[in-house]
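Each residue of the sequence shown is one higher than the one before, starting from 188 at the first, in the numbering used here.
Positions of the beta carbon are idealized from the N, C-alpha and C atoms, including for glycine.
For clarity, every value in this text was computed on a predicted model and none was experimentally measured.
Following: one structure in structure tokens, then a few remarks.
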Amino acid sequence: MASRDEIVRFLDQVLEVKEVKDPYCPNGLQVEGKESVQKIGFAVDACQQTFEALQDQDMIITHHGLFWPSVKSIQGAMRKSLAYLFKNDINLYPVHLPLDVHAVYGNNVQLIKALGWQVEDRFDAVGWTATGDEVSVSQLHEKLEAVLGSPVRLLPFGSDTVSHIAVSSGGGSIGLLHSAMGVGAQALITGEASHPIYHATKELGINLLLAGHYATETWGVKSLMPLLEREFGVSTKFVDFPTQF
188 MASRDEIVRF LDQVLEVKEV KDPYCPNGLQ VEGKESVQKI GFAVDACQQT FEALQDQDMI
248 ITHHGLFWPS VKSIQGAMRK SLAYLFKNDI NLYPVHLPLD VHAVYGNNVQ LIKALGWQVE
308 DRFDAVGWTA TGDEVSVSQL HEKLEAVLGS PVRLLPFGSD TVSHIAVSSG GGSIGLLHSA
368 MGVGAQALIT GEASHPIYHA TKELGINLLL AGHYATETWG VKSLMPLLER EFGVSTKFVD
428 FPTQF
């Protein structure tokens, strides 16, 4: 049995929660539950579906939290979720941008390693670049779909072969494309993007792989599971609720 506060302090330190600026989500312990923790559940999203599936856990660690800048009051779905967590005495610990950018446990680094590429350098806000043996864009596309187990949309507007890529989990943008071009990447892997990115990609002459917001962000929370099992002797459980985004 581990102490909630010990686990929180450990995660705050390892993931540099206080050091990474995140304008979207307050990272760390968002909802306080029981003091002793033996079972920890993991998921991408802090939502009612997650809470009900992990109702028997002492702590839930997610990538996306409950509180965002748009939350101005506690009513409706927010009230229901908080009431459920309080009733079941569950701790909620979301970690957003710190878990995208982390050099060991982050979504991007973990995905790069799963692809079999070599992690190189940080780029843009939370992304990482990687190098590898030269492969065709179609081979990279096929490998990414195999690793993720889900469809990936390819916009093949760059070179036919690649050996230098940029990876930024979650949401993509035209600005992210420019950043990837700026570091010499021949392809950008990101989660999702809006309509204008099509023509920007074509005109910039870069390959873009849209791998899914959800699919690119399961990696960080999953990487924390063996770490906490080893450090605190807790049991862990991941619940998978793909969103089609």
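Original post:
Hey, would you say A353 sits closer than 8 Å to G399, going by beta carbons?
Top reply: In the sequence shown, counting from the first residue as 1, residue 353 sits at position 166. In the sequence shown, counting from the first residue as 1, residue 399 sits at position 212. G399 sits away from A353, with the two beta carbons spaced by 8 Å or more.
Original post:
When DSSP labels each residue in this structure, what does Y211 get in the three-state scheme?
Top reply: Walking along the sequence shown from the start, residue 211 turns up at place 24. Reduced to three states, the DSSP call for Y211 is coil.
**OP:** Starting from P285, trace the alpha helix (DSSP H) both ways and give me its first and last residue.
**Re:** Indexing the sequence shown from 1 puts residue 285 at position 98. P285 -> alpha helix (DSSP H) spans 284 to 288.
Subject >> Delimiting residues of the beta strand (DSSP E) encompassing T430 >> reply: To locate residue 430, count along the sequence shown from 1; it is residue 243. Where T430 is concerned, there is no enclosing beta strand (DSSP E), given that its DSSP letter is neither H nor E.
Original post:
In chain order, what residues of the same chain lie with their CB nearer than 7 Å to the CB of V339, ignoring the 5 residues before and after it?
Top reply: Sequence index remark: in the sequence shown, residue 339 carries index 152 (1-based). These residues qualify, in order along the chain: H328, L331, E332, L396, L397, A398.
**OP:** For the segment 262 to 274 and the segment 188 to 200, state whether three or more C-beta atom pairs, one from each stretch, are separated by less than 8 Å.
**Re:** The segment 262 to 274 is not in contact with the segment 188 to 200.
Original post:
Touch check for the segment 354 to 367 and the segment 285 to 300: three-plus C-beta pairs under 8 Å?
Top reply: Contact check between the segment 354 to 367 and the segment 285 to 300: three or more CB pairs, one atom from each, fall below 8 Å, which counts as touching.
Original post:
What separation, rounded to the nearest whole angstrom, lies between the Cα atoms of R415 and L364?
Top reply: Along the sequence shown, read from residue 1 onward, the residue named residue 415 stands at position 228. Along the sequence shown, read from residue 1 onward, the residue named residue 364 stands at position 177. Position check: residue 415 holds Leu in this sequence, whereas Arg was assumed. Spanning the two alpha carbons is a distance of roughly 35 Å.
Original post:
Count the other CB atoms within 10 Å of the CB of D276; is the residue buried (16 or more) or exposed (fewer)?
Top reply: Here residue 276 corresponds to residue number 89 of the sequence shown, with the count starting at 1. Classification of D276: exposed, given that the 10 Å Cβ count is below 16.
Subject >> Nearest-angstrom beta carbon gap, V408 and A230 [assumed within contact, 8 Å] >> reply: As a first step, residue 230 is located in the sequence shown; it is residue number 43 there, counting from the start. As a first step, residue 408 is located in the sequence shown; it is residue number 221 there, counting from the start. A Cβ-Cβ distance of about 7 Å is found for the pair A230 and V408, placing them in contact under the 8 Å criterion.
Original post:
When the Cα atoms are used, what is the spatial distance from Y280 to F254?
Top reply: Translated into the one-based positions of the sequence shown, residue 280 becomes position 93. Translated into the one-based positions of the sequence shown, residue 254 becomes position 67. Pairing Y280 with F254, the inter-Cα distance amounts to about 11 Å.
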